[in-house]
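Only one structure is covered here, and it is reproduced in the block below.
Right, here's the structure in full:
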């Protein structure tokens, strides 16, 4: 979350003034710098503070709207503006997605002549980063719901707006991209009212790209969103929203003040972690760090202190003053649970220590990423890592390779299974290679998800077939205008491989998909092992449903047959469940012409050489090692139907 750049001196405070203009011409905003005494901000009344987040589906224009709001309020000089101001990571700018929720403080003079502080939280749209959204929403009282006026309500729009409603937010609908030829604002307003149940009659029509009607959004924030509540004289009570590691400042903690005042030099206590720290700096984001003297009720800002590790700052913890503590703790957030696991191994075994150090540093800035050491006979030493979804896995792997210059192999992604043992104990299985003897297992439970898919009508048949092929159970099917909304229960292990890619392929990119883990259900699951020359390859072990084991095993064997180079002896590639072989392919031996030097003479000379070669190949097959190239692992793990 941390914006690039070290902590600068507190800048001159800016507020918006209006130039006197001809009444017939539109009013234009200008920015006038006003120096405050000692560089300290004047206290803003709590009624003039607005905390809000922007929620939307992917690519509906959250980050672009945030850029326009920053520009319109003069928070950043025009020469310093860039696209996606709040997306600080290179990978965010390249992919055009938000990964970390960002915060920025805007100062705005409204039409009523009052100065307002607007604390904006720009949130991710992708389902894998829903935990970032929930944290941001807890620090706000209202949300801007951005909907693309040409595409309408999508699956993730629903998921994010329901999260905002659960957080008791006041919601202002904003119709973006109204300047596009395909825009249908009236139809989209009807969709919002029909699907979400929000009154969209006074939705704000804008174009975040061109800056059309941005001032109306600022006025809607001021007039339609509620101010925060809080008591300045009460003991300090603050919510720890996020924390990350900065190379210059140490641990930076983002907080939302509920009651009381957080001041520089104060000694604070983190009630959940039961730790005491001193406060060295207090500041806000504009969007670069700017130091101030104190944070009052309703304000959002950061502080740094004598905190050595991010692990010491639990997200959702309650912060209070050590000498004058608050009586009750805030409810906090649910613990983040990893849903997808895979092994990450360095291509070069000598890079293992570098990988360990890189993971430790990455963990400092991403508390939802977990890892523990594991070893594999095929791949050597590596780590078993937990992620919130496949995009999260992809982002972490790309960051490790790019930021730390590592070459990595990832094993097949798997989910967390629950094993009920015959002795009455419960076990969690993260790695199929660690599965105990089947005779000791009474039953295996797998995680199921509740998936919501929105798709144009012409692709509905293909989407339903895909869900049925993945053992899905249909819950609901209805129409939102011309688009079908399908709700399915699906086993998570059928989704983690390539479900999203297949869905986009079937619907030509028009279907949108959102899910949450609902429960665990008993499944007829078996461990499928891959054997190369009768040796099990643990990195390719997987748990599959019995009905799909044969087809999956055959596909893997055919793939490995093409990927493993030929040796001087014949190599069998087999898929097995326990002791039963369910699929087999054979890699033929390279033939060396041992009779090339023979010319003329008796046939028995050639026969003798051929028999000797045959014996040698038999011995090689018994003792020879099959070298599986790293590219073969990577290609084999990219399973497709």
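Residue numbers (the working numbering): 1 to 641. We treat Cβ as the ideally placed atom computed from N, Cα and C, and that holds for glycine.
Residues of its chain near residue i, where Cβ-Cβ distance is below 7 Å and the 5 sequence neighbours each way are ignored
{"i": "residue 317", "result": "240, 270, 271, 272, 273, 332"}
{"i": "residue 231", "result": "259, 297"}
{"i": "residue 460", "result": "484"}
{"i": "residue 477", "result": "484, 486"}
{"i": "residue 114", "result": "48"}
{"i": "residue 10", "result": "Residue placement at residue 10 is poorly supported in this model, since its pLDDT is 33, which falls under 50; the coordinates still yield a value, given next. Taken in chain order, the residues that qualify are 39, 290, 291, 292."}
{"i": "residue 209", "result": "64"}
{"i": "residue 53", "result": "121, 123, 136, 137, 140, 143"}
Beta-carbon proximity list for residue i, same chain, < 6 Å, skipping 5 on both sides
{"i": "residue 218", "result": "108"}
{"i": "residue 40", "result": "Here the model assigns residue 40 a pLDDT of 36, short of 50, so the residue's position is not dependable, and the following value carries that caveat. Excluding sequence neighbours, residue 40 sits near 293."}
{"i": "residue 25", "result": "Per-residue confidence for residue 25 stands at a pLDDT of 37, beneath the threshold of 50, marking its modelled position as unreliable; no derived number is given."}
{"i": "residue 23", "result": "Caution is warranted here: a pLDDT of 40 is assigned to residue 23, below 50, making its placement in the model unreliable, and the coordinate value is therefore given only provisionally. Same-chain partners within the cutoff: there are none."}
{"i": "residue 472", "result": "488, 490"}
{"i": "residue 646", "result": "There is simply no residue 646 to check, as the chain begins at 1 and stops at 641 in what is shown."}
{"i": "residue 180", "result": "150"}
{"i": "residue 595", "result": "606, 609"}
{"i": "residue 581", "result": "574"}
Selected residue, minimal CA-CA separation from residue i, among the options
{"i": "residue 262", "options": "280, 205, 248", "result": "280"}
{"i": "residue 352", "options": "327, 405, 325", "result": "405"}
{"i": "residue 257", "options": "55, 238, 407", "result": "238"}
{"i": "residue 172", "options": "184, 186, 144, 150", "result": "144"}
{"i": "residue 549", "options": "566, 525, 559, 62", "result": "525"}
{"i": "residue 373", "options": "385, 379, 308", "result": "385"}
{"i": "residue 504", "options": "493, 455, 474, 547", "result": "455"}
{"i": "residue 430", "options": "445, 326, 439, 422", "result": "445"}
{"i": "residue 556", "options": "530, 581, 566, 568", "result": "530"}
{"i": "residue 213", "options": "55, 301, 65", "result": "65"}
{"i": "residue 362", "options": "254, 243, 170, 544", "result": "243"}
{"i": "residue 511", "options": "464, 491, 544, 492", "result": "464"}
{"i": "residue 138", "options": "179, 210, 51, 116", "result": "51"}
{"i": "residue 481", "options": "187, 447, 326, 539", "result": "187"}
{"i": "residue 203", "options": "192, 209, 508, 236", "result": "192"}
{"i": "residue 69", "options": "287, 519, 598, 347", "result": "287"}
{"i": "residue 201", "options": "215, 154, 216, 185", "result": "185"}
{"i": "residue 328", "options": "235, 581, 575, 245", "result": "235"}
{"i": "residue 563", "options": "434, 275, 588, 547", "result": "588"}
{"i": "residue 642", "options": "545, 146, 245", "result": "Residue coverage of the chain in this structure runs from 1 to 641, which leaves residue 642 outside it and unanswerable."}
Residue interval of the alpha helix (DSSP H) (run including residue i)
{"i": "residue 162", "result": "155-166"}
{"i": "residue 287", "result": "Per DSSP, residue 287 belongs to no alpha helix (DSSP H) and is neither H nor E."}
{"i": "residue 533", "result": "It is not in any alpha helix (DSSP H) - residue 533 carries neither H nor E in the DSSP assignment."}
{"i": "residue 170", "result": "Counting along the chain, residue 170 falls outside any alpha helix (DSSP H), though it belongs to the beta strand (DSSP E) covering 170-176."}
{"i": "residue 62", "result": "62-72"}
{"i": "residue 519", "result": "Run containing residue 519: none in the alpha helix (DSSP H); it sits in the beta strand (DSSP E), 512-523."}
{"i": "residue 399", "result": "390-403"}
{"i": "residue 501", "result": "499-506"}
{"i": "residue 188", "result": "185-191"}
Cut-off 8 Å between Cβ atoms - residues of its own chain near residue i, not counting five sequence neighbours on either side
{"i": "residue 542", "result": "412, 414, 432, 527, 528, 552"}
{"i": "residue 586", "result": "561, 570, 571, 572, 573"}
{"i": "residue 264", "result": "279, 280, 281, 282, 293, 294"}
{"i": "residue 397", "result": "344, 408, 410"}
{"i": "residue 421", "result": "427, 436, 440, 441, 442"}
Residue range of the unbroken beta strand (DSSP E) whose run includes residue i
{"i": "residue 213", "result": "Run containing residue 213: none; DSSP gives neither H nor E here."}
{"i": "residue 241", "result": "237-246"}
{"i": "residue 491", "result": "483-491"}
{"i": "residue 53", "result": "49-55"}
{"i": "residue 328", "result": "From DSSP, residue 328 is part of no beta strand (DSSP E); its letter is neither H nor E."}
{"i": "residue 256", "result": "250-259"}
{"i": "residue 148", "result": "142-148"}
Beta carbon proximity, residue i to chain C, threshold 7 Å
{"i": "residue 409", "result": "Of the protein chains in the structure, only one exists, and it is not chain C."}
Paired residues, beta bridge with residue i - DSSP
{"i": "residue 266", "result": "DSSP lists no partner for residue 266."}
{"i": "residue 385", "result": "342, 371"}
{"i": "residue 107", "result": "117"}
{"i": "residue 414", "result": "341"}
{"i": "residue 320", "result": "269"}
{"i": "residue 102", "result": "122"}
{"i": "residue 205", "result": "175"}
{"i": "residue 277", "result": "268"}
{"i": "residue 420", "result": "426, 443"}
{"i": "residue 294", "result": "263"}
{"i": "residue 304", "result": "252, 281"}
Residue i CB to nearest heavy atom of the ligand NAP below 6 Å
{"i": "residue 397", "result": "This structure simply doesn't include the ligand NAP, nor any ligand for that matter."}
Start-end ranges of the beta strand (DSSP E) lying completely within the stretch 422-477, minimum 3 residues
426-429, 441-456
Could you tell me which whole alpha helix (DSSP H) segments of length 4 or greater appear in the stretch 333-372?
352-365
Taking only runs of the beta strand (DSSP E) that begin and end inside the stretch 536-624, which ones reach a length of at least 3 residues, in chain order?
542-545, 571-577, 580-587
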